[in-house]
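S.K.: According to my numbering, the sequence shown is numbered sequentially starting from 1.
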Amino acid sequence: MNQSPGEKETETTEPLRYLSKTEMAAIETELLTDYRFGQQQLIEIWGHACAVAITKAYPLSSLTKKQPTVLVICGPEQNGAIGLVCARHLRIFEYEPTIFYPKRSPDNLHQDFTIQCEKMDIPFLSYLPTEVQLINDAYNLVIDAIVGPEIDLKDVKEPYSGILVTLKQVKVPIASVDVPSGWDVDEENKDGINPEVLISLTVPKKCATSFSGKHFLAGRFLPYDMQKKYELNLPEFPGTDCFIEL
1 MNQSPGEKET ETTEPLRYLS KTEMAAIETE LLTDYRFGQQ QLIEIWGHAC
51 AVAITKAYPL SSLTKKQPTV LVICGPEQNG AIGLVCARHL RIFEYEPTIF
101 YPKRSPDNLH QDFTIQCEKM DIPFLSYLPT EVQLINDAYN LVIDAIVGPE
151 IDLKDVKEPY SGILVTLKQV KVPIASVDVP SGWDVDEENK DGINPEVLIS
201 LTVPKKCATS FSGKHFLAGR FLPYDMQKKY ELNLPEFPGT DCFIEL
């Protein structure tokens, strides 16, 4: 849809909306049904955009360890699949990701993303060290792709509850995908991890209003009609970038 310069300027002066879990689910359903996006397509878009945002937040030149090591922790649902795609793109960008994926999903898409990572010689950990210093010594940062907005916190059980306890103690930076694990999507953080970076996907969620770290919005693909329908007031992305720092 064409916009006049005046219309665009007016829209971008409105505050960016932060969505509830229900609202975001409605947008995703509409993308899949009315706009005929595929699930694999969306996960690939989000995972790539996350990886690009990571390169902005943590350029190779800024990493303090001899090797550009990154630990990507993936959950069993969609956020975990996005983490797998993110790891694959980080490998292409010359980082050295290692994946911890303790409960592999039987879903065909997740299996495909896993095989793609294996074919690129990305190592998978068989267990996460409980001795936090081992993580601090081995990795420059941790990417949290464990619990996304699709999971209710009451359903977070082992091994993920134990992983969150470990992540609360690590000293290396944590970058969370979409929602920091342990946070309620619709409320301020009470007992979750405390990431240095949050990469919101498509539209930030309500819980992100209480986030005080570096915040990126990733995934530049939402049709303009949908942006208008849901009154999202998305910011203007610079150039051809697929992410923007908020």
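Positions of the beta carbon are idealized from the N, C-alpha and C atoms, including for glycine.
It should be emphasised that the depicted structure is a prediction, and the values quoted were computed from it without experimental measurement.
What residue range does the beta strand (DSSP E) around Lys214 cover?
M.R.: As a position in the sequence shown, residue 214 is number 214, starting the count at 1. Its beta strand (DSSP E) spans residues 214-218.
S.K.: Going by alpha carbons, who is nearest to Phe93 out of Gly213, His48, Leu31?
M.R.: Counting from one through the sequence shown, the residue named residue 93 turns up at place 93. It is His48.
S.K.: Here's the rule: buried if 16 or more other CB atoms are within 10 angstroms of the residue's CB, otherwise exposed. What is Ser4?
M.R.: Taking the first residue of the sequence shown as position 1, residue 4 is located at position 4. Unreliable positioning characterises Ser4 in this predicted model, as indicated by a pLDDT of 41, which lies under 50. The coordinate reading is nonetheless provided below. With fewer than 16 Cβ atoms within 10 Å of its Cβ, Ser4 is classed as exposed.
S.K.: Counting only the same chain and skipping the five closest in sequence on each side, list residues whose C-beta sits under 8 Å from that of Glu118.
M.R.: Within the sequence shown, residue 118 is the residue found at index 118, counting from 1. Hits under 8 Å: Phe124.
S.K.: Could you check whether Lys206 and Asp191 sit closer than 7 Å to each other, using their CB atoms as the reference points?
M.R.: Counted from its first residue, the sequence shown places residue 191 at position 191. Counted from its first residue, the sequence shown places residue 206 at position 206. It is not a contact, given that the beta carbons lie outside the stated cut-off.
S.K.: Cβ of Asp121 within 6 Å of any heavy atom in the ligand GTP?
M.R.: In the structure shown, the ligand GTP is absent, as is every other ligand, since no ligand is present at all.
S.K.: Alpha carbon to alpha carbon, how far is Leu232 from Leu134?
M.R.: Walking along the sequence shown from the start, residue 232 turns up at place 232. Walking along the sequence shown from the start, residue 134 turns up at place 134. If I take the Cα positions, the gap works out to 42 Å.
S.K.: By a C-beta neighbour count over all protein chains shown, 10 Å radius and 16 as the cutoff for buried, is Asp178 buried or exposed?
M.R.: What you label residue 178 is simply residue 178 of the sequence shown in a count that begins at 1. Taking all protein chains in view, the Cβ of Asp178 is crowded by 16 or more other Cβ atoms within 10 Å, so the residue is classified as buried.
S.K.: In whole angstroms, what is the alpha-carbon distance linking Gly274 and Leu60?
M.R.: This structure cannot settle anything about residue 274, because the visible part of the chain is limited to 1 through 246.
S.K.: Is it the case that the Cβ atoms of Ile43 and Ala87 are separated by a distance below 7 Å?
M.R.: Position 43 of the sequence shown, counted from the start, is the residue given in the question as residue 43. Position 87 of the sequence shown, counted from the start, is the residue given in the question as residue 87. Taking 7 Å as the Cβ cut-off, Ile43 and Ala87 do not qualify as a contacting pair.
S.K.: By a C-beta neighbour count over all protein chains shown, 10 Å radius and 16 as the cutoff for buried, is Asn108 buried or exposed?
M.R.: Against the sequence shown, residue 108 aligns to sequence position 108. When all chains shown are included, Asn108 counts as exposed.
S.K.: The alpha helix (DSSP H) spanning Cys117 covers which residue range?
M.R.: Counting from one through the sequence shown, the residue named residue 117 turns up at place 117. Per DSSP, Cys117 belongs to the alpha helix (DSSP H) from 108-119.
S.K.: Taking the DSSP output, what are the residues bridged to Ile135?
M.R.: Stepping through the sequence shown from its first residue, residue 135 is reached at position 135. Paired residue(s): none; Ile135 is not in a bridge.
S.K.: For the alpha helix (DSSP H) holding Ser22, just list the boundary residues, first then last.
M.R.: Taking the sequence shown and counting its residues from 1, the one referred to as residue 22 is at position 22. Note that residue 22 is Thr in the sequence shown here, rather than Ser. First-last of the alpha helix (DSSP H) with Thr22: 21-33.
S.K.: Tell me the DSSP secondary structure of Val72 in three-state form.
M.R.: Start at 1 with the first residue of the sequence shown, and residue 72 comes out as number 72. Correct three-state label for Val72: strand.
S.K.: In the segment 32-64, which residue ranges form an unbroken alpha helix (DSSP H) of at least 4 residues, counting only runs that do not cross its ends?
M.R.: Runs found: 39-57.
S.K.: With which residues is Thr166 paired in a DSSP beta bridge?
M.R.: Numbered from 1 along the sequence shown, position 166 holds the residue referred to as residue 166. According to DSSP, Thr166 bridges with nothing at all.
S.K.: Counting only the same chain and skipping the five closest in sequence on each side, list residues whose C-beta sits under 7 Å from that of Gln227.
M.R.: Your numbering for residue 227 matches position 227 in the sequence shown. Cβ within range, chain order: Leu234.
S.K.: Less than 8 Å between C-beta atoms, sequence neighbours within five positions excluded: which residues of the same chain meet that for Lys214?
M.R.: Counting from one through the sequence shown, the residue named residue 214 turns up at place 214. Excluding sequence neighbours, Lys214 sits near Ala57, Glu196, Val197, Leu198, Glu245.
S.K.: Out of Leu84, Ser181, Asn79, Val72, point me to the one whose CA is closest to Tyr127's CA.
M.R.: Taking the sequence shown and counting its residues from 1, the one referred to as residue 127 is at position 127. Ranking Leu84, Ser181, Asn79, Val72 by Cα distance to Tyr127 puts Val72 first.
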